[in-house]
Amino acid sequence: MRHLHWDRTISIALISPSVIGIMLFVYGFIGWTGFISLTKWNKLLPDYTVVGLSNYQKLFTHFRFQIDVRNLVVFTVLFLVLSLLIGFMLAVLLDQNIKGQSVFRIIYLFPMALSFIVTGVVWRWILNPGSIQMGSTGINLLLERAGLGFLKSGWYTDPKIGIKAVVIAAVWQMSGYVVAMYVAGLRSIPEELREAARIDGASEIQIYRHIVLPLLRPITLGAVIILGHISLKIFDLIVAMTGPGIGFCCDVPAYFMWETT
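Last residue of the sequence shown: number 261 in full-length UniProt numbering, and the count goes up by one each step with no gaps.
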């Protein structure tokens, strides 16, 4: 009994510093930020007079913030859908034990080791639309030399597709993470289930629809939560790649907050 009490005391003592640190430096600052958002406080004049929700009213009626929210919604939806779709398709290919899959896995997982700053710099060059003086560069130059000049685009300088160009870079970096998750999930499914389904006359499409995909739901949910978290706080990729863009076409709330605080 004394031994169990001692173990519990040691466990509490080891966990307490982390819990206290999280409560103070995470939730404490979140609470403080929530409080000052209800006051007249600003970085020049720390006035703590409570004004209620008037600051939020000003924020949600600000034209730039409305653009930012729209951009964030578009980015999040496309980022999630494309990352999950591409990641699942590549995971299915890797699960077939194709020749050279280890090399392919290393190549495709490599972008995960990069920061979004590095990714932004690289894709800023790849999607650089060029100029009249310099001519086409990056992918536009490849399209031009391949006789597909009609497909050239302004990419992140085009207000109509600017945020979609950022999505391309983000998907390139994070879809490898989804591949790793789905490969682990696929290889955890007993092969006997698929064999039994084939004996019963099920096609491969039916096997994936009724057996594989349902069993991968926890993996999919985990990927959605993590990728959704990344998309909601996307900032460094925007800074390195585009900035707010023409007409704030690539702007997001995190960048707006950084510029105005």
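Using N, Cα and C, we set each Cβ at its ideal position, and we do this for glycine too. Every value quoted in this text rests on a predicted model; they were computed, and no experiment measured them.
DSSP state of residue i mapped onto helix, strand, coil
i, result
"residue 39", "strand"
"residue 50", "strand"
"residue 58", "helix"
"residue 137", "coil"
"residue 189", "coil"
"residue 130", "coil"
"residue 90", "helix"
"residue 162", "helix"
"residue 150", "helix"
"residue 252", "coil"
"residue 234", "coil"
"residue 97", "coil"
"residue 200", "coil"
"residue 261", "coil"
"residue 243", "coil"
Exposure of residue i, with buried meaning 16 or more beta-carbon neighbours within 10 Å
i, result
"residue 67", "buried"
"residue 242", "buried"
"residue 140", "buried"
"residue 22", "exposed"
"residue 110", "exposed"
"residue 30", "exposed"
"residue 150", "exposed"
"residue 148", "exposed"
Beta-carbon proximity check, residue i vs residue j, cutoff 9 Å
i, j, result
"residue 84", "residue 166", "no"
"residue 181", "residue 230", "no"
"residue 163", "residue 154", "no"
"residue 126", "residue 239", "no"
"residue 123", "residue 184", "no"
"residue 233", "residue 202", "no"
"residue 157", "residue 245", "yes"
"residue 171", "residue 82", "yes"
"residue 251", "residue 64", "yes"
"residue 26", "residue 39", "no"
"residue 186", "residue 92", "yes"
"residue 207", "residue 217", "no"
"residue 237", "residue 120", "yes"
"residue 210", "residue 196", "no"
"residue 152", "residue 129", "yes"
"residue 189", "residue 212", "yes"
"residue 43", "residue 220", "no"
Beta-carbon separation (whole angstroms), residue i vs residue j, contact threshold 8 Å
i, j, result
"residue 228", "residue 72", "About 11 Å separates the two Cβ atoms, so there is no contact after all."
"residue 257", "residue 176", "Rounded, the Cβ-Cβ distance is 29 Å, inconsistent with contact."
"residue 159", "residue 247", "5 Å"
beta-carbon residue i near the ligand SAH non-hydrogen atom, thresh 8 Å
i, result
"residue 140", "Looking for the ligand SAH in the displayed structure turns up nothing, as the structure carries no ligands at all."
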